[in-house]
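Just so you know, the sequences run in chain order A and B. Sequential numbering of the first sequence, starting at 1, is according to the UniProt record's numbering. Sequential numbering of the second sequence, starting at 1, is according to the UniProt record's numbering. Cβ atoms here follow ideal geometry from the backbone N, Cα and C, with glycine treated the same way.
There are 2 protein chains.
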Amino acid sequence: MNSLKPLLLSLLLSPLLSQANPKPLNEQLAYQLTESLTTEVGPRLAGSPGDRASVAWATKNLQALGFDKVWTEEFVTPYWQRGQARLEILSPYPQSLVLTALGGSVGTPANGIDASIVMFDSLEALIAAKPEQVKDKIVFINKAMTKDKSGSQYGKVVGARAKGAVEAARLGAKALIIRSVGTSSNRFAHTGKMTYDPAVPKIPAVAISVPDAQQLARVLTKAPEAKIKLQLDTQQTEDAVSHNVIGEITGSERPDEIVLIGAHLDSWDQGTGALDDGAGVGLVMATAALIKQQGQPKRTIRVVLYGNEEGGLVGARAYAAKHAKELDKHVLASESDFGAGRIWQFSTKFGPKSLPFAAEIQRELTPLQIQPGNNDAFGGPDVSVLKALGVPVVSLEQDGSDYFDYHHTPNDTLDKIDPAALQQNLQAWIRMTSKVANSTIDFRK
Amino acid sequence: MNSLKPLLLSLLLSPLLSQANPKPLNEQLAYQLTESLTTEVGPRLAGSPGDRASVAWATKNLQALGFDKVWTEEFVTPYWQRGQARLEILSPYPQSLVLTALGGSVGTPANGIDASIVMFDSLEALIAAKPEQVKDKIVFINKAMTKDKSGSQYGKVVGARAKGAVEAARLGAKALIIRSVGTSSNRFAHTGKMTYDPAVPKIPAVAISVPDAQQLARVLTKAPEAKIKLQLDTQQTEDAVSHNVIGEITGSERPDEIVLIGAHLDSWDQGTGALDDGAGVGLVMATAALIKQQGQPKRTIRVVLYGNEEGGLVGARAYAAKHAKELDKHVLASESDFGAGRIWQFSTKFGPKSLPFAAEIQRELTPLQIQPGNNDAFGGPDVSVLKALGVPVVSLEQDGSDYFDYHHTPNDTLDKIDPAALQQNLQAWIRMTSKVANSTIDFRK
């Protein structure tokens, strides 16, 4: 790949820094990396050729950025393929709807499933239904999602996606359709992981766009007897291979103490994964590289680019298992995986004695218009696996007001990133990471 | 279809009016009709089953609305079918792009066309190129469109869509890709009619979305040697049948004098044709029906719902040919076909002696925040055929700032219509049409 040339060039053009003579950082670096990944690799679903290309891209670019150590860690993962999908109202108003298979869904028989529809306004309403309402029908869960800055609404609607197929099948349904878990009125269907229960038959599960959900609801109001046909030819193999990609800036004084900053390298297949999570990849790579330009940190900064986050934190679990014996040397972990909006709040999950240091970090962030949060930080999806094992975490919380407009759709592309907002993110990440990596604080205490 | 019940019901609930005792109009009627058409018929490409369903829908609903005469006029039309389309970057950065065939395009061989790409920033730059730059390549015209209220930017970019394939083929190209003629950064490709020249080989022509055009331009900057593969399986038959649908409110004093208000019933196949032109259909049907509720007008109001506007004014030409002998009895014509934004300006194309009456109409419109325009009105695409034959026209000009965000995409759906803006349109159409239909002015003079 000739992708390295422009990146190397940009690093060379950006004057190398020393602590004695600091010079301006290349504030474009996170954007340049995100642009490179989303253009030269594009979609990178775990197990796919794009996934392999992203691992090669990350390895070469971490090396080109001057990381002290760069390596990959293999893990086995399911490889699910979307295939073709088609959803048609057969009668009384024939027309096609815009849909996408939910990640992990089984397909339909080749000639599809024809059925009438039963609509519910929530997963809870489905669970409360009687089998005779649902049996042999296609279940449609039509629950809207509202916008918010913090992402707190996601948890209120994502249950239909994650568990809807199991609950529908338990009552005898033939398939599940959900209104997309998303906040845009654009006609994109939002994919995302769904799960099965071994004790319940596996039925196909799809999402339709918000305008299509509104259309289907109108059709069912006019014609409750409407018939629909679903065709889906997904495929899954269980034993594909993927990799976490890791790059380190070795600590000058405490090289065995690890400050982990992460993002996930995989993306859904529909878009180019710019917001989810190309921006995060660009941010954490640039953060570590630019800190090194300022001078080697005291502690080691480890950038972990996780594989297969979207399929259910598969790379994150592999990392935690492989590094189980050195988790006590992970002094802190944090992840960027909520798009590219400005950071508006800083939260921690520290032991009580470390909270004064949280305030010290906050003082560095306040000039970037970042307010103090609480001491119950999430940390990020992959990093939450480490948090559950006792690793302290922080969250640089992004404004996600528009995140679910694009999340898991074909519309998650580079143009949705505001370079100025990404620069603000980069500054915050550098300040937080540098402060932690040059300290001696034990955040567990 | 049971679609008639809610419409009849809404008419009955809306108290019938008499001139002696006027009562409030049903201001929702245009929206209700648009909702009914886009839900119960959906896409209605000329020659398709949806087209036939729309003709049945229009006939029944004009009858249900109490029009004095309702009839259809058959014409022969080409029937073009989109089929499947696929565009992949093969090397060096394999990925799929979001595309759509341009209307009327031929397909590719079944195994597609593989070629390198030559990019131009405009149709003019392509025309100025040398054959050796273009021969055996796929031409990519990457011209951006800017937003404006009046739609005046459309003419500056649509040439690449209409004539690009001819100019590219003249220089030996294998296919044409254009950046969508659209103003949104959403990942939808905008279709639209293209044309061939019998003297030049027919090559396939497609549009890619704006984010995909930006992506392809970035790829070509990094890798000018990039290879691409296009597969397209469009089909066309020449002798399909479609219909204009016509409804009249017969004039009480001058029944032979026709005030024609029109819209087009057909739509592109990707969306449900809400903005283009379901809103127009709803508006002109509601206008005539609600005027009749106020009392029979002196002149006849003829609602013409044109077939196959999108394929090149096929229905409009058929209407002009069939009614050639009574065109001098068409005292005025006007069309609603620019979405559902608020009307902001009123323009005429009258003889000079009628301009004082234009000012009288304007006085009715000013309270609706509509400003006076000029005496060089367009009239609307279908109605422009009549204008060329000497029929006076007016334009109730809509704010089209967002129109080309949705135009000819899958995203042209009912939710994009603001019911309040549509009500303002309806009020303006009723005031203008009623004023003209109750006058005796000869607008040719």
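Grab the span of the alpha helix (DSSP H) containing residue i for me, first residue to last.
{"i": "Gln-28(B)", "result": "Counting along the chain, Gln-28(B) falls outside any alpha helix (DSSP H), and DSSP gives it neither H nor E."}
{"i": "Arg-218(A)", "result": "210-222"}
{"i": "Gln-133(B)", "result": "131-134"}
{"i": "Tyr-306(A)", "result": "It is not in any alpha helix (DSSP H) - Tyr-306(A) instead sits in the beta strand (DSSP E) that spans 299-306."}
{"i": "Gly-315(B)", "result": "314-322"}
{"i": "Val-385(A)", "result": "383-387"}
{"i": "Lys-227(B)", "result": "Note, Lys-227(B): premise wrong, no alpha helix (DSSP H); beta strand (DSSP E) at 227-232."}
{"i": "Ile-291(B)", "result": "279-294"}
{"i": "Ala-69(B)", "result": "Correcting the residue type first, residue 69(B) is Lys in the shown sequence and not Ala. No alpha helix (DSSP H) contains Lys-69(B), which is instead part of the beta strand (DSSP E) from 69-81."}
{"i": "Phe-140(A)", "result": "Here Phe-140(A) belongs to no alpha helix (DSSP H); instead the beta strand (DSSP E) covers 138-141."}
Check for me: the beta strand (DSSP E) holding residue i runs from which residue to which?
{"i": "Asp-114(A)", "result": "113-120"}
{"i": "residue 451(B)", "result": "This structure does not reach residue 451(B), given that chain B is present from 1 up to 445, and the question cannot be answered."}
{"i": "Trp-57(A)", "result": "Here Trp-57(A) belongs to no beta strand (DSSP E); instead the alpha helix (DSSP H) covers 49-64."}
{"i": "Thr-440(A)", "result": "Here Thr-440(A) belongs to no beta strand (DSSP E), and DSSP marks it neither H nor E."}
{"i": "Gln-235(A)", "result": "235-249"}
{"i": "Gly-351(B)", "result": "Careful: Gly-351(B) lies outside any beta strand (DSSP E) and carries neither H nor E."}
{"i": "residue 512(A)", "result": "The shown model of chain A, from 1 to 445, leaves out residue 512(A), and the question about it has no answer."}
Rounded to the nearest angstrom, what separates residue i and residue j at their Cα positions?
{"i": "Val-134(A)", "j": "Leu-171(A)", "result": "6 Å"}
{"i": "Thr-72(A)", "j": "Glu-124(B)", "result": "50 Å"}
{"i": "Leu-25(B)", "j": "Ile-117(A)", "result": "37 Å"}
{"i": "Leu-102(A)", "j": "Ala-377(A)", "result": "29 Å"}
{"i": "residue 446(A)", "j": "His-264(B)", "result": "For chain A, the structure presents residues 1 to 445; residue 446(A) sits outside this window and is missing."}
{"i": "Tyr-196(B)", "j": "Ser-96(A)", "result": "30 Å"}
{"i": "Leu-33(A)", "j": "Ala-213(B)", "result": "20 Å"}
{"i": "Asp-412(B)", "j": "Gly-280(A)", "result": "33 Å"}
{"i": "Gly-390(B)", "j": "Arg-444(B)", "result": "8 Å"}
{"i": "Gly-278(B)", "j": "Leu-37(B)", "result": "7 Å"}
{"i": "residue 456(A)", "j": "Ala-199(A)", "result": "Because chain A spans 1 through 445 in this model, residue 456(A) falls outside it and cannot be assessed."}
{"i": "Glu-397(A)", "j": "Arg-342(A)", "result": "8 Å"}
{"i": "Trp-429(B)", "j": "Ala-388(B)", "result": "23 Å"}
{"i": "Phe-350(A)", "j": "Arg-363(A)", "result": "17 Å"}
{"i": "Ser-54(B)", "j": "Arg-44(B)", "result": "7 Å"}
{"i": "Gln-296(B)", "j": "Phe-67(B)", "result": "11 Å"}
{"i": "Ser-10(B)", "j": "Leu-29(B)", "result": "In this predicted model, Ser-10(B) has a pLDDT of only 48, less than 50, meaning its place in the structure is not dependable enough to derive any value."}
{"i": "Ile-261(A)", "j": "Met-194(A)", "result": "27 Å"}
{"i": "Arg-82(B)", "j": "Thr-272(B)", "result": "15 Å"}
{"i": "Ala-289(A)", "j": "Leu-386(A)", "result": "23 Å"}
{"i": "Asn-41(B)", "j": "Ile-127(B)", "result": "Sequence inspection shows Val at residue 41(B); the Asn mentioned does not correspond to that position. For Val-41(B) and Ile-127(B), the distance between alpha carbons rounds to 41 Å."}
{"i": "Ala-205(A)", "j": "Gly-50(A)", "result": "24 Å"}
{"i": "Lys-202(A)", "j": "Lys-435(A)", "result": "49 Å"}
{"i": "Arg-161(B)", "j": "Thr-183(B)", "result": "15 Å"}
{"i": "Thr-237(B)", "j": "Ser-105(B)", "result": "12 Å"}
For residue i, which of the options has the nearest alpha-carbon?
{"i": "Ile-89(B)", "options": "Glu-225(B), Trp-71(B), Val-284(B)", "result": "Glu-225(B)"}
{"i": "Asn-111(B)", "options": "Ser-122(B), Asp-121(B), Leu-87(B), Ser-96(B)", "result": "Leu-87(B)"}
{"i": "Ser-48(B)", "options": "Ala-274(B), Glu-364(B), Ser-242(B)", "result": "Ser-242(B)"}
{"i": "Lys-322(B)", "options": "Glu-364(B), Asn-244(B), Lys-353(B)", "result": "Asn-244(B)"}
{"i": "Ile-177(B)", "options": "Ile-141(B), Ala-199(B), Val-157(B), Val-166(B)", "result": "Ile-141(B)"}
{"i": "Ile-258(B)", "options": "Gly-311(B), Val-181(B), Ser-439(B)", "result": "Ser-439(B)"}
{"i": "Tyr-31(A)", "options": "Ala-420(A), Lys-435(A), Thr-433(A), Ala-437(A)", "result": "Ala-420(A)"}
{"i": "Lys-60(A)", "options": "Thr-433(A), Ala-144(A), Leu-216(A), Gly-247(A)", "result": "Gly-247(A)"}
{"i": "Ser-336(B)", "options": "Leu-414(B), Tyr-306(B), Ala-320(B), Val-139(B)", "result": "Tyr-306(B)"}
Of all Cβ atoms in chain D, is any one closer than 8 Å to the Cβ of residue i?
{"i": "Val-391(A)", "result": "The chain inventory of the structure shown lacks chain D, comprising the protein chains A and B."}
Between residue i and the ligand FAD, is the CB less than 7 Å from at least one heavy atom?
{"i": "Thr-433(B)", "result": "For the ligand FAD, the structure offers nothing, since it holds no ligand at all."}
Q | Short-range partners of chain B found in the segment 79-104 of chain A, where Cβ spacing is below 9 Å | A | So the close ones are Ile-89, Pro-92, Tyr-93, Pro-94, Gln-95, Ser-96, Val-98.
Q.
Three or more C-beta pairs under 8 Å: does that hold for the segment 359-366 of chain B against the segment 323-336 of chain B?
A. Contact between the segment 359-366 of chain B and the segment 323-336 of chain B is absent: fewer than 3 CB-CB pairs across the two stretches fall below 8 Å.
**Q.** chain A contacts from the segment 331-348 of chain B (Cβ-Cβ distance under 9 Å)
**A.** none
Q) If you pair each beta-carbon of the segment 370-384 of chain A with each one of the segment 398-410 of chain A, do three or more pairs fall below 8 Å? A) no
Q. Pairing CB atoms from the segment 57-72 of chain B with CB atoms from the segment 249-261 of chain A, are three or more of them under 8 Å?
A. no
(Q) Is it the case that the segment 187-201 of chain B contacts the segment 209-219 of chain B, given that we only count it when at least three CB pairs across the two stretches are under 8 Å? (A) yes
**Q.** Under 8 Å (Cβ pairs) to chain A, residues found in the segment 223-235 of chain B
**A.** Ala-223
**Q.** Sufficient close CB pairs (3 or more, under 8 Å) joining the segment 268-280 of chain A to the segment 217-234 of chain A
**A.** no
Q: Decide yes or no for the touch test of the segment 301-312 of chain A against the segment 363-374 of chain A: beta carbon pairs closer than 8 Å, at least 3 of them.
A: no
Q. Closer than 9 Å, Cβ to any Cβ of chain A: which residues of the segment 34-66 of chain B, in chain order?
A. Glu-35, Ser-36, Thr-38, Thr-39, Glu-40, Val-41, Gly-42, Pro-43, Pro-49, Gly-50, Ala-53
Q: Pull out every residue of the segment 394-424 of chain B whose Cβ sits closer than 7 Å to any Cβ of chain A, in chain order.
A: Within the segment 394-424 of chain B, contact with chain A at the beta-carbon level (separation under 7 Å) is assigned to Pro-410, Asn-411, Thr-413, Asp-415.
Q: Report the residues of the segment 172-186 of chain B with a CB closer than 9 Å to any CB of chain A, ordered along the chain.
A: Ser-184, Ser-185, Asn-186
**Q.** Near-chain A residues of the segment 280-302 of chain B (beta-carbon distance less than 7 Å), N- to C-terminal order
**A.** none
**Q.** Interface positions of the segment 202-216 of chain B facing chain A (Cβ-Cβ less than 7 Å), listed along the chain
**A.** Taking a C-beta cut-off of 7 Å against chain A, the contacting residues of the segment 202-216 of chain B are Pro-211, Gln-214, Gln-215, listed in chain order.
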